[in-house]
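In our numbering, the protein residues as written are 869 to 1065. Glycine residues also receive a C-beta, built at the ideal position from the N, C-alpha and C atoms. Structure record follows, encoded as structure tokens.
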Ligand SMILES: [Fe+2]
Ligand SMILES: [Fe+2]
């Protein structure tokens, strides 16, 4: 995460997409025995990333960007499909012979989903929100993202593992709870009260 991205949730989201693409590539190209570490990093990051989109991005875009409801519904459905594959991949484990084939399908679906978010939803979020709102969302997002260091420093690995572990769904629940605590009344509630045009 770079310093200039601290103030805007859209920049943070784009930055996470970049790291997600890199981790997908790492998992794909790693030897079977070396897949575990990048796969666990990807699981943690996706748990946080999708929780942020679910709690902050989708509700805001739905309420604020005119004509965006159908597209948001499609993105949420894609996330559901991707999450199902993620749960299946986690259950298989990265050394299972069936992992590679499922990961290829998962990666294709995930990256197509990310491309669509970037071309419509994120652009809409940037134009439909005030800078202060995006800064508040960025602060909450940074707090949740601390649970998912993608490349933990040596010596800190056990600490970061203690922060976000378990099944993908359990990790996502944890990230969601943290976001709700970080932005009380500013997630779904504020979006609901905000003018729609
Ligand atoms: Fe997403
Ligand atoms: Fe995304």
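Taking C-beta atoms as the reference points, residue 933 and residue 992 count as a pair closer than 7 angstroms.
Membership of residue 1001 in the alpha helix (DSSP H) is indicated by the continuous run 999 to 1013. Chain-ordered, the residues whose CB falls short of 6 angstroms from any heavy atom of ligand 2 come out as 885, 917, 921, 982 and 985.
Of the residues assessed, residue 948 falls on the exposed side of the cut-off, its CB having fewer than 16 other CB atoms within 10 angstroms.
Closest option to residue 1050, judged by alpha-carbon separation, among 1004, 901, 1015 and 883: 1004.
In the three-state reduction of the DSSP assignment, residue 886 falls in the helix class, which pools H, G and I.
The beta-carbon distance between residue 916 and residue 1043, rounded to whole angstroms, is 5 angstroms. This is short enough to meet the 8 angstroms contact definition. Distance from the C-beta of residue 947 to the nearest heavy atom of ligand 1 is below 6 angstroms. Cβ-Cβ distances below 7 angstroms link residue 898 to 906 in the same chain, with the five nearest sequence neighbours on each side left out; the list follows chain order. Within the segment 904 to 968, the complete alpha helix (DSSP H) segments at least 4 residues long are 904 to 920, 926 to 932 and 937 to 960, listed from N- to C-terminus.
Closest option to residue 895, judged by alpha-carbon separation, among 889, 903 and 888: 903. Secondary structure of residue 876 (DSSP, three-state): coil.
Listed in chain order, the non-local C-beta contacts of residue 919 below 7 angstroms within the same chain comprise 1012, 1040, 1043, 1044 and 1047, local neighbours out to five positions each way being set aside. Minimum Cα-Cα distance from residue 961 among the listed residues 939, 911 and 997 corresponds to 911.
Per DSSP, residue 902 lies in no alpha helix (DSSP H) and is assigned neither H nor E.
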